[in-house]
Amino acid sequence: MKHGWNTWNVRSVLSHVHLPEGFAVSLGIKSYMEGLCLREALIGRGGNGAKGVEGVQPGPHAYDGSFTSLELEWFDVRVRVETAVDGGDWYAVITPLNAQRKTACLTIEAGVLWGRPGYARRDGGKLVVQNDSQCVAVFASGKHREEPVTEISGPYLLVELDQPVCISTNEARLSQAAAIVDKKKADYLESRQRGDAKEQELYDAMQICLAWDTIYDPFRDMVISPVSRIWSCNNGGWVLFDWDTYFAAWMAGLENKELAYSNAIAITTLATDKGMIPGMTRANGLKTLDRSQPPVGSMTVRALCDMHGETVLAEALFDLLLGWNRWYAQYRDQDGYLCWGSNPYEARIGHILETVVLNSKFASMLESGLDNSPMYKEVGYDKEKNLMQLADVGLMSFYIADCRELAELARRIGRDEVVGELEARAGKYAASLKTLWCEETGLFLNKRLDNGAFEHRLSPTHFYPLLAGVPTQAQAERMINEHFFNEKEFWGEWILPSIARNDPMYPDQDYWRGRIWAPMNFLVYLGLCKYDLPKARKALVEKSEALLLKEWREHRHVHENYCGDTGVGCGSGKQNSDAFYHWGGLLGLISVMESEKNDNAIC
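Residue numbers are given in our numbering: position 512 of the sequence shown equals residue 508, and the series is strictly consecutive.
In C-alpha cells, the structure reads:
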C-alpha cells in the first residue's frame, strides 16, 4: 500500500502525500474575517461547535486514496473538498458552500515530508516539488491572489473561494478535474454498495473512520491505522495500542487484505525479546515494556486467514504470537490463575509510565485495557510478584481462547509439535476458570488471591468465558438471563455499560466507569456466537447498530466510548471520548458479521 497519493500525513486530513517520495500538497483556509489561516485539520478536534476549532464532516475515503471527500467548517468558511487519483495524477475540487463579505481564500502548500530528499518551490502560478529523480507540478484554477500569508513559511498558492477551485498535478487535464473527480466518486460509491440503506450506513461508519485514521509511519516505513489522528498527533506522530490495532486489522480485512495484514504485522512485530507485545508503543520510542494488553492477536489472525482463504499471515506471525502466549503463562500466573500485572524495567525515555506508574496496581489496570474500572478498586497489588491480586475472569477467558486459536493455526500451517503444548495450557486454565463459577450468582466471578473471596463488581468481562467456550449451555443461559437481560446490571436502551448499572461508580460515566465501549460488545458477540443464545445475540446486534448510527447520523462521529444512559459520545463533562476512534466501528462489524456469518464470520 505504501505508494501513490493518499492522506498519509497524520497532521491533517487536508494533506495529500505521494509515496515513497514524501511529496505533499496541503490545503488550508485563509479567513479575512478572523485574519487567521487554517493549515491543518483533524476530525473531531475540540468537540462540536467550539469557537475557532475546525469542524470536519468525513465523507467516503477509498483505502487506496483513489477518492476522498469531506466537508470543512471553520469560522465563517464552509467548503467541500473532494479528491481523486487517476493515471497516477492527483486531482482536487474545492467547492465553497457559503460566501463571506470578503471572500476567503484556499491556501495550497507544497513540501517534502519526513526529511526525505527534495524541495518545493513556486514557479509563477504553479508549485513544483522535486528530488533528484522525480518532479511534480501542482496547478490550480481560479483567481490567484498575490499577498503574504504570515502563517506559511514555504511556497504556496492563494486562490479565491468565490467559485469551485480545481487542482491537478497534470496541467493538460486541469480543466477536466471536476469531471475526473465526479467519475471516480461514482465508480467508488457503486463499488461499495452493500444491501439496504442501514447496512450501508453501518459499513460506511466503520470503513470511513478506519480509512481516515490510516496513515504512513515514516519511522518503520509502514502503513498503519492508529486509533485516531488526534491520539497520534498528541504522541509524536503515531501511537499503537495492542488490542486496538488488532481490531483495526480485523475491520480492514473485510475489504483490504493488504491494510489488514499491515496492521497485524505492525503490532505483532513490536514483540520484545521476552515475547511480550507491549500494550502501547509511541513514535518517540516509548514502549510499555512492563505490561501488555488483552491477547486478541491469534483470534484476529485466525479471522483474517478465514476471510482470505490462506495461511500466509499465520505463517509470518505464528512464532511471535506463540512467544506472547508463553509470556502470559510465565509472567502472569499465580496459583494456576492469571492476573494482570506490571514488571519493572529500566526507563529508556524517562516518561512517567516508566518511572512513577511502573509496577503498580494502576499499571496492571492499564494492562487490562480497562484503565479505571471499578472492578479493581478494592483489589491489592503484590510488588514482589508484580501482579494484581485478582484471578481475572476476563484475562483467563482471553488466554484460553488465545491458546485454542493458536492451536488451530498451528494445525493449519504444519506446526503440530506445539499443538499439545497449547492444548495443555488451554485445559489448565479452563479448569481454573471453572472454579470461578459462582452457583449462587450464576456467573464466573473474579477472585481475590489475597483472601480467596469472590469480587461482585461486574462488567461485561464476566461474559467473556463464552468467548473461551468454557461454560455449559445451562451456565451460559443463566449468565444471559440473570445478568445480560437484567435491567439493574447490563440491560437497557443502550448496552453494554462497562460496569453494572447498580455499581456505585456507574453514575460517574467516566471512561470504564459505566461508558459503553465497542470492543466489549464485540467480544461478547463473539462469545454469544459459540452458544445457542439467539435472543441475546439478536438484541446485541440491534442495540450495537443503534448506538453506532446515533452519532454517525448526527455528527459523522465514531466514538471511543458512549454514555451508558443516553448513548451519546459527545458532551461528556470529562471530555474523554475521542470522536473518531476506529474501534467504535466494531459496533458495525458486529452487524456485518451477523449478516455475512456464513462467509466471513467465525460464528
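Beta carbons: idealized from backbone N, C-alpha and C, even for Gly.
Spanning the alpha carbons of residue 48 and residue 476 requires a straight line of approximately 48 Å.
In this structure, DSSP gives residue 279 a state outside helix and strand, which the three-state scheme calls coil. Looking at the backbone, the Cα of residue 211 and that of residue 258 are separated by about 11 Å. Of 18, 81 and 373, the smallest CA-CA separation from residue 127 is found for 18. Pairwise C-beta distances place the stretch 420 to 431 out of contact with the stretch 349 to 364, as fewer than three of them are shorter than 8 Å.
Between the stretch 223 to 237 and the stretch 195 to 202 there are fewer than three C-beta pairs closer than 8 Å, too few to call the two in contact.
Looking at 547, 531, 275 and 592, the one whose alpha-carbon comes closest to that of residue 241 is 275. Annotation: the continuous alpha helix (DSSP H) that includes residue 242 extends over 238 to 248.
Contact annotation: residue 262 and residue 218 have beta-carbon atoms nearer than 7 Å. For residue 53, the enclosing beta strand (DSSP E) begins and ends at 51 to 57. Residue state for residue 555 is assigned as coil, using DSSP reduced to three classes. The DSSP-derived three-state label of residue 435 is coil. For residue 310, DSSP assigns no beta-bridge partner whatsoever. Judged by their CB atoms, residue 248 and residue 256 are nearer to each other than the 7 Å cut-off. At a Cβ-Cβ threshold of 7 Å, residue 75 and residue 56 do not count as neighbours. In the DSSP assignment, residue 79 falls within the beta strand (DSSP E) that extends over 73 to 82.
Taking C-beta separations shorter than 7 Å and ignoring five residues to either side along the sequence, the partners of residue 227 in its chain run 235 and 574, following chain order.
Within the model, the alpha-carbon separation for residue 362 versus residue 89 is close to 44 Å.
Within the same chain, 1 come within 6 Å of residue 14 by CB-CB distance, once the 5 residues on both sides are set aside. Here residue 523 is buried. Its C-beta has 16 or more other C-beta atoms within 10 Å. If you compare the alpha carbons of 392, 337 and 349 with that of residue 376, the shortest gap goes to 337.
Taking residue 141 as the centre and dropping the five residues before and after it, the same chain places the C-beta of 101, 154, 155 and 156 closer than 8 Å to its C-beta, in chain order. When secondary structure is reduced to three states using DSSP, residue 29 falls in the coil class, being assigned neither helix nor strand.
Distance from the CA of residue 214 to the CA of residue 86, rounded to the nearest whole angstrom, comes to 21 Å.
Secondary structure of residue 335 (DSSP, three-state): coil.
Rounded to the nearest whole angstrom, the C-alpha separation of residue 169 and residue 188 is 27 Å.
In the three-state reduction of the DSSP assignment, residue 187 falls in the helix class.
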